[in-house]
Structure formats: structure tokens, C-alpha cells
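All remarks here apply to the structure that follows.
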């Protein structure tokens, strides 16, 4: 199957993809508008930060319980319900503004409600992808999702800022509408959830996903790489803004440089299936880590935006393929009845560690300057790469065999599967007698990079 095929031939994934793309774009509009609105109604910078922080804390606290609910309840109804909750929450902002009752407390409540709904949505979205996409098409599907997220992240803040200049409430009205359209598209998904494991055989513990991950040597090595690169990436963003500002760069120049990261992510997501097909996971991680280390070292030698921008495009270009490799591995390897909790455990690891990046970067820049901070980050990327990617050079359990050409059966060349078979149910838009590939989900994966809870996009006041 060619790279564009899944959007043409899989109606359920097309609806899911359109739903996610629209609501992610809407969320990117309000991402910038939220702090601006707080400031415009008389709030302080600290109050503006509190809104985003409360949303992030809510999502973090609810990650593991959300994964447990997604493993037990109908994932499509969770997604539709949380979309409707977010629609009401965001729509309350224009309503309160029109009544002259909009205040800091109201915005804080909206952030908390939306954060809680987003936490519940994310693991259900992960299960939805596994239900509607055959294993042989997962690389293509995750690539499409990454491309949509990169595009939304690139144009959303600019569009949100423009809408805010027209009317401070307009970005929130558009965001609310996007959740409504998303809910309608999700309701039209025809594929039924996979058959669930009987309660007598189910591990219902809240920490079951974390327990499962501790037995996956390859996946843990890949997650070590992902967590390390995510910390470096978060720290690099803060270092970039501070060092450019200290060198005298204006807001326009800094914005242009940061937009280069979006361009690199967009190009990398588009090229990901080609790169993944030609590079085993271990070699892919080694390449990505090497590029990050070299790129960060280059940043230590210059503060010229025209020089930093192109290098940033190259550095970020290689990140989406790594995220797709890890996201696909989790979707294929995790048992169906644990997938929600595995995805939230992975997201908790990624988000929790990455949150330390900006604080570390600020301390380093204050104590040793921007140039030395870049060298420290480059060294950190190199160490993480060596520790995590080298052990994976001889591993095949994370490789996407059979992906992308339409002639693979998803069996691959990796270790023999030992777990229960999960057959993809027929879509309501396809003939029931059409041959469908089966996928086997190993209960115990062999040894395995960056991803948030795959493949749910960042949504709401602060992303996933």
C-alpha cells in the first residue's frame, strides 16, 4: 500500500484522522489565546501560567486512571463523550464573555475540565487506532497522524494569534466547534471494538501497564532513548529562546527560528515511512541521536537566526520517525486489554521527565551561559544515544516488517509470537467477506524510542 492509501481505503481511520486533525488545530488556536485572554481581562503573568499549569497537573494525575477506564469501557463512547465535554467547556468562554461574567476563576475551571477530558480521551484514541488499522498499515497511519500534528502545530499558533486580534473570544469559539465536528466524525466510525478479554483473565490493577513495560527489554531501551531526547528537546527550546533573546534577536526572528522546528517535524513525518522501511530501529535511533548531538553542538557556536534555523530543521526532521517506531511497537506488542494503561504509562514517563527540561535549561544558562549549555545538552544527547540505541542494533522486535507496500501480512521477521491473536474486525464500509490480515500480539516482547501516548495528538490548553 502506498503512503496515501490508508486515507483512501480505510474509512474509519479517515474519520478518526479528520477528527483529530480538526480538534488539534482548534486546540492550537486556543493554546496561544489562553494566556493572552487571561492578560487581556486584567490577569497577571503568574495567573496566565497558573491556567496552563492546572491543566497539565490535571492530565498528569489522571493518566493512569484514564488508561484503566479505556481498557474497560467502550473507547468510542469515551472519545465522543470527552469531545462533547470539551465543546461545552470551551463554548462557555464566549457565552460568559457575552454575559459580561468572564473571569479568572472561570478560565481556570475550563482549563481543569478540559485537562481532565483530554486525559480520558488520549488512551481511548490509542485503542481506536489499534481497532481500526491493520498492523501492516500502522506505520502509514501513525505517519499521517504525525504529519497532521506537525501541520497544526506550525500554523495553529499563527492563526490563533490572528484570530485573537480580530476578537479575543474567536479562537475559543473555533476550538469549541472543532470538538463538535470531531464528535460527529467519531460517531460515524463503523468498526466495532475488538473482543475483550474476560474479566476472569484480565489484570485490573491500575499499575498493570507499568508492570507489563518492566518485562519489555527492547521497549524499555527505546523509551530510555525517547525520554532522554524529550528532556533534551524541552531544554533546548528554553535555551534557544533565552540565548537568542540575550544576543539581541527580536520577537519576529525568534518566532521564525521556532517555526523551523515545525517545518522540520512536518517534513520528517512525511518522510517517515520511507526512512523506517530502510532503517532498522536501532540504526534509526543511532542516526537520530547523532544528528541531535551534532546539531546542538553547532548551536553553541552561533547565535545567528539565519544559521540556527536550517540546522534546527535538520535536527527535528529525524524525530517523527522515532516516535512512529515506538508508537507502532506499543500498538503491536501491548496486549489489547492493557493497551490503554500501557499508553498512559508511556505518556506519563515521557511527559514527567520532559517537564524537568525547561527548569534545567534555565539554571544552566544562568550559571554557565548559552554556549556551554548547548554543549552540555549535546553531550547528554550523545550519552542517551549510546546507552539506548547500541543495545538495539541487533534487535528486530521493533522493526516494521511488512509495512507500507500492501504485500506484507504483518508477521515480520521478528521473534515468534506467543500471545493471543486479535483479529481486526470488519469495517461497516467494507464487505464482510473481504480478506482481512490478522495480527498476533505477543504477551512478552523482546528487547525496544520517542513517543507520547501513541498516537493521540496534543489537544487543549497545554497538549497531551
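In my numbering, the protein residues as written are 14 to 477.
For every residue, glycine included, the Cβ atom is placed at its ideal position computed from N, Cα and C.
If we call anything under 7 angstroms between Cβ atoms a contact, is residue i one with residue j?
i           : j           : result
residue 153 : residue 293 : no
residue 234 : residue 362 : no
residue 35  : residue 191 : yes
residue 92  : residue 134 : yes
residue 383 : residue 256 : yes
residue 334 : residue 289 : yes
residue 376 : residue 316 : no
residue 88  : residue 141 : yes
residue 150 : residue 276 : no
residue 245 : residue 393 : yes
residue 163 : residue 278 : yes
residue 247 : residue 78  : no
residue 338 : residue 400 : no
residue 295 : residue 408 : yes
residue 147 : residue 83  : no
residue 107 : residue 161 : no
Going by C-alpha distance, which of the options is nearest residue i?
i           : options            : result
residue 309 : 325, 296, 230      : 325
residue 68  : 53, 99, 94, 87     : 99
residue 183 : 270, 104, 226, 337 : 104
residue 53  : 95, 120, 77        : 120
residue 280 : 412, 156, 78, 403  : 156
residue 159 : 410, 37, 397       : 37
residue 305 : 282, 251, 259, 243 : 243
residue 145 : 24, 239, 374, 63   : 24
residue 42  : 76, 393, 170       : 170
residue 249 : 355, 96, 270, 79   : 270
residue 240 : 328, 187, 161, 360 : 360
residue 64  : 21, 114, 122       : 122
residue 311 : 297, 328, 295, 66  : 328
residue 32  : 136, 124, 78, 202  : 202
residue 351 : 66, 28, 139        : 139
residue 342 : 232, 349, 401      : 232
residue 199 : 381, 26, 136, 402  : 26
residue 167 : 76, 274, 254       : 274
residue 349 : 197, 390, 217      : 217
residue 381 : 313, 403, 330      : 313
residue 330 : 307, 284, 379, 291 : 284
residue 307 : 396, 268, 66       : 396
residue 258 : 56, 378, 282       : 378
residue 97  : 336, 197, 21, 230  : 197
residue 402 : 297, 367, 369, 390 : 297
residue 336 : 369, 282, 114, 56  : 282
Got a sec, what are the start and stop residues for the alpha helix (DSSP H) residue i sits in?
i           : result
residue 250 : 230-259
residue 401 : 383-402
residue 113 : Run containing residue 113: none; DSSP gives neither H nor E here.
residue 185 : 183-200
residue 42  : 24-53
residue 155 : 151-179
residue 312 : 294-312
residue 332 : 332-346
residue 224 : 221-226
My guess is that residue i and residue j are in contact by the Cβ rule of under 8 angstroms, so how many angstroms apart are they, rounded?
i           : j           : result
residue 117 : residue 51  : 7 angstroms
residue 81  : residue 353 : 7 angstroms
residue 266 : residue 318 : 5 angstroms
residue 61  : residue 48  : 4 angstroms
residue 102 : residue 126 : 5 angstroms
residue 132 : residue 85  : No, residue 132 and residue 85 are not in contact; Cβ-Cβ is about 16 angstroms, not under 8 angstroms.
residue 299 : residue 398 : 6 angstroms
residue 355 : residue 237 : Contact doesn't hold; Cβ gap of about 16 angstroms is too wide.
residue 481 : residue 387 : Residue 481 is absent from the structure shown; the chain starts at 14 and stops at 477.
residue 180 : residue 39  : The pair is not a contact, with the Cβ atoms about 16 angstroms apart (cut-off 8 angstroms).
residue 143 : residue 344 : 5 angstroms
residue 222 : residue 357 : 6 angstroms
Give a single yes or no on whether residue i has its beta carbon closer than 6 angstroms to a heavy atom of the ligand NAD.
i           : result
residue 223 : Only the bare structure without any ligand can be found here, which leaves the ligand NAD out of the picture.
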